[in-house]
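Enquirer: Sequences listed follow chains A and B, in order.
If you read the first sequence in our numbering, its first letter stands for residue 1, the second for the next number, and so on.
If you read the second sequence in our numbering, its first letter stands for residue 1, the second for the next number, and so on.
My questions will all concern the structure given below.
2 protein chains.
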Amino acid sequence: MNIPKVNNLKRVIIIGAGFAGLQVAKKLRRDKFQVVLIDQNNYHTFQPLLYQVATAGLEPDSIAHSIRNIIKETKNFFFRLAFVHYISTKEQKIYTNVGNLSYDYLILATGSITNYFGNKNIESFALPMKSIPEALNLRSLILQDFESALLTKNDKEKKRLMTFVIVGGGPTGVELAGALAEMKRYVLPYDYPDLDIQHMNIHLLQATSRLLDGMSQKSAKQAYDNLKELGVIIWLNCLVKDYNGEIVSMEKNKKIESSNVIWAAGVKGAIIKGFSEEDIEGSRILVNDYLRTIRYKNIFAIGDVSYMNSNKHYPNGYPMTAQPAIQQGNYLAKNLNCVLCENKNIKPFVYKNLGSMATIGRNKAVCDFPYLKLKGFLAWIVWMFIHLVSLVGFRNRVIALTNWIIQYFHYHKSVRLIIRPFHRKKKII
Amino acid sequence: MNIPKVNNLKRVIIIGAGFAGLQVAKKLRRDKFQVVLIDQNNYHTFQPLLYQVATAGLEPDSIAHSIRNIIKETKNFFFRLAFVHYISTKEQKIYTNVGNLSYDYLILATGSITNYFGNKNIESFALPMKSIPEALNLRSLILQDFESALLTKNDKEKKRLMTFVIVGGGPTGVELAGALAEMKRYVLPYDYPDLDIQHMNIHLLQATSRLLDGMSQKSAKQAYDNLKELGVIIWLNCLVKDYNGEIVSMEKNKKIESSNVIWAAGVKGAIIKGFSEEDIEGSRILVNDYLRTIRYKNIFAIGDVSYMNSNKHYPNGYPMTAQPAIQQGNYLAKNLNCVLCENKNIKPFVYKNLGSMATIGRNKAVCDFPYLKLKGFLAWIVWMFIHLVSLVGFRNRVIALTNWIIQYFHYHKSVRLIIRPFHRKKKII
Chain A
1 MNIPKVNNLK
11 RVIIIGAGFA
21 GLQVAKKLRR
31 DKFQVVLIDQ
41 NNYHTFQPLL
51 YQVATAGLEP
61 DSIAHSIRNI
71 IKETKNFFFR
81 LAFVHYISTK
91 EQKIYTNVGN
101 LSYDYLILAT
111 GSITNYFGNK
121 NIESFALPMK
131 SIPEALNLRS
141 LILQDFESAL
151 LTKNDKEKKR
161 LMTFVIVGGG
171 PTGVELAGAL
181 AEMKRYVLPY
191 DYPDLDIQHM
201 NIHLLQATSR
211 LLDGMSQKSA
221 KQAYDNLKEL
231 GVIIWLNCLV
241 KDYNGEIVSM
251 EKNKKIESSN
261 VIWAAGVKGA
271 IIKGFSEEDI
281 EGSRILVNDY
291 LRTIRYKNIF
301 AIGDVSYMNS
311 NKHYPNGYPM
321 TAQPAIQQGN
331 YLAKNLNCVL
341 CENKNIKPFV
351 YKNLGSMATI
361 GRNKAVCDFP
371 YLKLKGFLAW
381 IVWMFIHLVS
391 LVGFRNRVIA
401 LTNWIIQYFH
411 YHKSVRLIIR
421 PFHRKKKII
Chain B
1 MNIPKVNNLK
11 RVIIIGAGFA
21 GLQVAKKLRR
31 DKFQVVLIDQ
41 NNYHTFQPLL
51 YQVATAGLEP
61 DSIAHSIRNI
71 IKETKNFFFR
81 LAFVHYISTK
91 EQKIYTNVGN
101 LSYDYLILAT
111 GSITNYFGNK
121 NIESFALPMK
131 SIPEALNLRS
141 LILQDFESAL
151 LTKNDKEKKR
161 LMTFVIVGGG
171 PTGVELAGAL
181 AEMKRYVLPY
191 DYPDLDIQHM
201 NIHLLQATSR
211 LLDGMSQKSA
221 KQAYDNLKEL
231 GVIIWLNCLV
241 KDYNGEIVSM
251 EKNKKIESSN
261 VIWAAGVKGA
271 IIKGFSEEDI
281 EGSRILVNDY
291 LRTIRYKNIF
301 AIGDVSYMNS
311 NKHYPNGYPM
321 TAQPAIQQGN
331 YLAKNLNCVL
341 CENKNIKPFV
351 YKNLGSMATI
361 GRNKAVCDFP
371 YLKLKGFLAW
381 IVWMFIHLVS
391 LVGFRNRVIA
401 LTNWIIQYFH
411 YHKSVRLIIR
421 PFHRKKKII
């Protein structure tokens, strides 16, 4: 892969430039390691705001940041735009679409991918929202369907085009449902005066008995009430069985006709080929208390793809969100930096839950912090502030804030553009 | 096309929502006409700034604006997202991918498309830059080629990947060359420290003996000097004969090896099928002094697609730029609004040249106004101001200005993201 080996420097390959990968890449000491960061994109994606890209609130470029710009320092650092398709733990080598490279240490920070639980129909017809191109596809589709609804004289088809089904009542599903409901209220009636906006329905389907499973009961209730108020139809204890591009089938023979199903019902670890069943648990890479894989001393896994089940509060591993990823990246960098002082007592990783948040819409959000629960306007301000400061790059913060301020006063979503039309795999006419 | 016909109201169909089409659509009186605006995109593109999208200076969403948002008024106005593939002048009907529609008056404002002068090779291998997706393709390609240059050990290939050839020394070519030269100076050496930036060459090829043919000799000389200073290699009197994806062939057997050829050498009118040779001149629709087509009393052509040759200063028709388009849109709306007072004396269209401008880079631009010529910093400030106020939408102006201010102080292009990789039609490896 055209990277020179330097004497006396161990080479660390980090796969993935998400929250975890970036963190460890930033913190590793360049005098001890040659750091090679690999990602299939040349930018870091701020995933918590993807739903705003999908609903025309933010331009994609303000939640993405060039990786080469984030890690500018040149000494012993290399970024390569590549897709890793195989890891040979025996040869200590990664194989990519642009050549292979050997490692002394390997850090898996590959994140997660959408989990369709094996349902091929849903995978074919429902839209995921895990990446910027996917969010843009969704933005295009929402707008295209309204354009199509204008043209059809068939009422059933019109209704189907204007019905949105979001599967999954976690933060992504809740935030997306809220943003769509706001489009219904403030934007679409003005853009499409010929359409009867009452035909537009937003369904939120959740498999368990409550929304926001990871948050407090109080916040879940608040989110439920807020969404109801915005006109979202919420289905609890509702398991989706199938989707054929036109009809969502649920248990007990319930059905919804919809052309737009957004799948936010689950993720799984993005595991690269080369690991065996012993290494994997719950679709993630099993690690010990030091984030080290069970069988390979020099391979680590952090972030969504890492599975640590020793903490009794998290028997199914840590939540697949930004917080554990950042903390694990930090922790692992510290440990590896200490590689020459290995006699020192290294403490196991401890996750510190800093809280969780979800926004439902204008002036509406919920925040659960360890000693404080917020809702309403205050929660919304806190949500915005924390997301702004977490965005990577000064420019992105300024642009996102500017957009939010303008939207707050103008009530409209500025970027409702179909830059690249989305073509359904199966055409529904 | 599902648009109700209203009694006593003539229907005007406008094809194209560029500068000309938007202008006439905004100004036509709704009490006299039912206005139907058709475009293949749901947004208006501010084409003068496309080159900044291609060179990672502005996000695409800040030079595009939702058409439904620009023309909000609902009374007797309809927008349809459609591609018109045929016009039946006999039936007075347009045929589109989403159905057909009859007109009382038809306004052609379809703009222009890239002119490859019949060379299929160039069309296959060179990149155009007439639309937002094309500018984004170019942005992706520039960045992808640098990533590829990092990986190759073949020096010849590396040089080819880092060589950019811009064909056409009009405002587009000049502005693009300047922006690329600034990337070479301020951005790429920091992003790609492993690459020897001296391998990067930017060639600007112009068929005539000077740059900026439409502007004054003085401004052309200034642009030439500024580009030279920035390191651009300028070829005058240089006619490109062919390009095979790797080698640009010019007259007198001259050659340049390059993977990136950008074609800014010409445009032609975007003519929809249904017109005959009599209606067309110089690849545009021939019109009389009232912008009316020669053979059809109720069909008009405005903007780039319109060809009026009665003005002796413009024997080959008006320049295919924003100014004539906007003025013609305005003029035609006024005339049509007067349709019920046709006895009044209608004056022929007169083009008022407000001047032209081109920016070469940081603090460098040239402006030719009727009684004033500017260059350098002042010209650059004027250029920015005029482009800012011409951008459609308050948000777009604020976002573009913010980007420019940040870039001015940070010296970097913020949006160097490969959101959707560009796949060459023919792979060059």
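Note that the Cβ used here is the ideal one computed from N, Cα and C, for glycine as well.
By Cβ distance, which residues of its chain are closer than 6 Å to I429/B, with the 5 residues on each side in sequence left out?
Expert: Position 429 of the second sequence, counting from 1, holds the residue named residue 429/B. Summary for I429/B: the model assigns pLDDT 32, below 50, so the residue's position carries little reliability; its value from the coordinates is reported in the next sentence. So the list is empty, once near-sequence residues are dropped.
Enquirer: Using a Cβ-Cβ distance cut-off of 8 Å, determine whether N260/B contacts chain A.
Expert: By 1-based counting over the second sequence, the position of residue 260/B is 260. For N260/B, the answer is no, since every Cβ of chain A falls outside 8 Å of its Cβ.
Enquirer: How is T402/A classed by DSSP in three states: helix, strand or coil?
Expert: The residue given as residue 402/A occupies position 402 in the first sequence. DSSP places T402/A in helix when its eight states are reduced to three.
Enquirer: Could you compute how far the alpha carbon of E134/A sits from the alpha carbon of I419/B?
Expert: Here residue 134/A refers to the residue found at position 134 of the first sequence. Here residue 419/B refers to the residue found at position 419 of the second sequence. For E134/A and I419/B, the distance between alpha carbons rounds to 10 Å.
Enquirer: Please identify, using Cβ separations under 9 Å, the residues of the segment 149–162 of chain A that lie next to chain B, in order along the chain.
Expert: Within the segment 149–162 of chain A, the residues whose Cβ lies closer than 9 Å to some Cβ of chain B are L150, L151, T152 and K153, listed in chain order.
Enquirer: Output yes or no for whether 8 Å exceeds the beta carbon distance between I94/B and V84/B.
Expert: As a working mapping, residue 94/B is identified with position 94 in the second sequence. As a working mapping, residue 84/B is identified with position 84 in the second sequence. It is a contact, given that the beta carbons lie within the stated cut-off.
Enquirer: By how many angstroms is the C-alpha of Y290/A removed from the C-alpha of Q327/A?
Expert: In the first sequence, residue 327/A corresponds to position 327, counting from 1. In the first sequence, residue 290/A corresponds to position 290, counting from 1. Approximately 12 Å between the Cα atoms of the pair.
Enquirer: What is the DSSP secondary structure of L332/A, counted as helix, strand or coil?
Expert: Locating residue 332/A in the first sequence gives position 332, counting from the first residue. The answer is helix: DSSP assigns L332/A an H, G or I state.
Enquirer: Anything in chain B within Cβ reach of V398/A, meaning under 8 Å, just list it in chain order.
Expert: As a position in the first sequence, residue 398/A is number 398, starting the count at 1. Residues of chain B passing the Cβ test: T402 and I406.
Enquirer: Applying the 10 Å Cβ sphere with the 16-neighbour rule, what's the burial state of D242/B?
Expert: Taking the second sequence and counting its residues from 1, the one referred to as residue 242/B is at position 242. Exposed: under 16 other Cβ atoms inside 10 Å.
Enquirer: Consult DSSP for Q217/B and reduce its assignment to one of helix, strand or coil.
Expert: Counted from its first residue, the second sequence places residue 217/B at position 217. The answer is helix: DSSP assigns Q217/B an H, G or I state.
Enquirer: Measuring straight from C-alpha to C-alpha, what distance separates G355/B and I381/B?
Expert: Start at 1 with the first residue of the second sequence, and residue 355/B comes out as number 355. Start at 1 with the first residue of the second sequence, and residue 381/B comes out as number 381. For G355/B and I381/B, the distance between alpha carbons rounds to 15 Å.
Enquirer: Who are the neighbours of S414/A on chain B, taking C-beta pairs under 7 Å?
Expert: In the first sequence, the residue the question calls residue 414/A occupies position 414. Those are R395, listed as they occur along chain B.
Enquirer: Using the C-alpha atoms, what's the distance from G168/B back to M320/B?
Expert: Counting from 1 along the second sequence, the entry for residue 320/B is found at position 320. Counting from 1 along the second sequence, the entry for residue 168/B is found at position 168. When rounded, the distance between both Cα atoms is 15 Å.
Enquirer: Identify which residue in A54/B, L388/B and A333/B has its Cα closest to the Cα of K130/B.
Expert: Your numbering for residue 130/B matches position 130 in the second sequence. Measuring from the Cα of K130/B, the nearest candidate turns out to be A54/B.
Enquirer: Name, in chain order, the residues that DSSP records as bridge partners for D196/A.
Expert: Position 196 of the first sequence, counting from 1, holds the residue named residue 196/A. DSSP, once it has assigned bridges, lists no residue as partnering D196/A.
Enquirer: In angstroms with no decimal places, state the Cα-to-Cα distance between L417/A and H65/B.
Expert: As a first step, residue 417/A is located in the first sequence; it is residue number 417 there, counting from the start. As a first step, residue 65/B is located in the second sequence; it is residue number 65 there, counting from the start. Cα to Cα, the separation comes out at about 7 Å.
Enquirer: Kindly list the residues whose CB is nearer than 7 Å to the CB of K413/B, restricted to its own chain and excluding five residues on each side of it in sequence; keep chain order.
Expert: Within the second sequence, residue 413/B is the residue found at index 413, counting from 1. If we look at K413/B and ignore the five residues flanking it on each side, its Cβ neighbours are T55, A56, G57, M183, V187 and Q407.
Enquirer: Can you tell me whether D141/A is buried or exposed? The criterion is at least 16 other CB atoms within 10 Å of its CB, across all chains shown.
Expert: As a first step, residue 141/A is located in the first sequence; it is residue number 141 there, counting from the start. The sequence given here places Leu at residue 141/A; Asp does not occur at that position. Label assigned to L141/A: buried.
Enquirer: Can you tell me which of V35/B, I399/B, F275/B and V287/B puts its alpha carbon nearest to the alpha carbon of I302/B?
Expert: Translated into positions along the second sequence, residue 302/B becomes position 302. Ranking V35/B, I399/B, F275/B and V287/B by Cα distance to I302/B puts V287/B first.
Enquirer: Compare the C-beta of L378/A against all C-beta atoms of chain B and say whether one is closer than 8 Å.
Expert: Taking the first sequence and counting its residues from 1, one reaches residue 378/A at position 378. Cβ-Cβ to chain B under 8 Å: no for L378/A.
Enquirer: Hey, is A270/B close to the ligand GTP, as in C-beta under 7 Å from one of its heavy atoms?
Expert: The ligand GTP is not part of this structure, which contains no ligands at all.
Enquirer: Does any C-beta atom of chain A lie closer than 8 Å to the C-beta of V267/B?
Expert: Walking along the second sequence from the start, residue 267/B turns up at place 267. V267/B does not count as touching chain A.
Enquirer: Listed from N- to C-terminal order along the chain, which residues in the segment 112–136 of chain B have their beta-carbon within a distance smaller than 8 Å of any beta-carbon of chain A?
Expert: Here the close residues are I132, P133 and L136.
Enquirer: Between which two residues does the alpha helix (DSSP H) carrying Q149/A extend?
Expert: As a working note, residue 149/A is residue 149 in the first sequence. Note on identity: in this sequence residue 149/A is Ala, with Gln being the wrong assignment. From DSSP, the alpha helix (DSSP H) with A149/A extends over I132 to L151.
Enquirer: I'd like the span of the beta strand (DSSP E) that includes I70/A, first residue to last.
Expert: The sequence position of residue 70/A within the first sequence is 70, counting from 1. Here I70/A belongs to no beta strand (DSSP E); instead the alpha helix (DSSP H) covers I67 to I70.
Enquirer: W383/B to H203/A, Cα distance in whole Å?
Expert: Numbered from its first residue, the second sequence carries residue 383/B at position 383. Numbered from its first residue, the first sequence carries residue 203/A at position 203. Answer to the nearest angstrom: the Cα atoms are 49 Å apart.
Enquirer: Looking at the strands, I want to know which residues DSSP matches up with S88/B.
Expert: On the second sequence, residue 88/B is found 88 positions in, with the first residue counted as 1. Partner(s): K93/B.
Enquirer: What does N260/A pair with, by DSSP beta-bridge criteria?
Expert: Walking along the first sequence from the start, residue 260/A turns up at place 260. DSSP output for N260/A lists F164/A as bridge partner(s).
Enquirer: Taking the alpha-carbon of P324/B as reference, which of N298/B, H313/B and K352/B has the nearest alpha-carbon?
Expert: Here the question's residue 324/B lines up with position 324 in the second sequence. Of N298/B, H313/B and K352/B, the residue nearest in Cα terms is K352/B.
Enquirer: Comparing the C-beta of R292/B with each C-beta of chain A, is any distance below 8 Å?
Expert: Here residue 292/B refers to the residue found at position 292 when the second sequence is read from its first residue. So no, R292/B is outside the interface.
Enquirer: Taking Cβ to Cβ, would you say Y296/A is nearer than 8 Å to M308/A?
Expert: On the first sequence, position 296 is the one that residue 296/A refers to. On the first sequence, position 308 is the one that residue 308/A refers to. Contact flag unset, no.
Enquirer: In whole angstroms, what separates the C-alpha of H199/B from that of A179/B?
Expert: Your numbering for residue 199/B matches position 199 in the second sequence. Your numbering for residue 179/B matches position 179 in the second sequence. Whole-angstrom Cα-Cα distance: 17 Å.
Enquirer: Taking L286/A as part of the beta strand (DSSP E), name the residues at either end of that continuous run.
Expert: Residue mapping note: residue 286/A aligns to position 286 of the first sequence, counting from 1. Run containing L286/A: R284 to L286, per the beta strand (DSSP E) assignment.
Enquirer: Taking the straight line between their C-alpha atoms, what separation do you get for V12/A and G214/A?
Expert: As a position in the first sequence, residue 12/A is number 12, starting the count at 1. As a position in the first sequence, residue 214/A is number 214, starting the count at 1. Those two C-alpha atoms are separated by around 34 Å.
Enquirer: Which parts of the segment 293–321 of chain A are runs of the beta strand (DSSP E), unbroken and 3 residues or longer, counting only runs that do not cross its ends?
Expert: Runs found: 299–301.
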